[in-house]
Amino acid sequence: MAQVEIYTTALCPYCYRAKALLKKKGVAYAEYAVDAEPGRLEEMLKRSGGRRTVPQVFIDGKGIGGSDELHALEAKGKLDALLGRAA
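If you read the sequence shown in the working numbering, its first letter stands for residue 44, the second for the next number, and so on.
Dropping the structure here:
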């Protein structure tokens, strides 16, 4: 199973949407709250190439973007492969 990390903020509806999809698929993930954990915003900016929007989702260390990109991968049937699961 792939390592999934997601950078979020407390009141972000897109963050909830991304986490809901991961939960629905039974995927465990590490969540980093950029608005509550010192240093996480800078870490996210560095890892994402300067993208300031949340969520930022990483699968096995590779940035895939935000909620829209995560759902697009699912719609195209490509998310399971990235997660290391049989489709």
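Note that CB positions come from ideal geometry on N, CA and C, so glycine has one too.
In this structure, the beta-carbon distance from residue 104 to residue 61 does not fall below 8 angstroms. Rounded to whole angstroms, the separation of the alpha carbons of residue 113 and residue 122 is 7 angstroms. For the set 99, 125, 124, 128, the Cα lying nearest the Cα of residue 49 is the one of 99.
For residue 74, the enclosing beta strand (DSSP E) starts and ends at 73 to 76. The straight-line gap separating the alpha-carbon atoms of residue 116 and residue 95 is approximately 21 angstroms.
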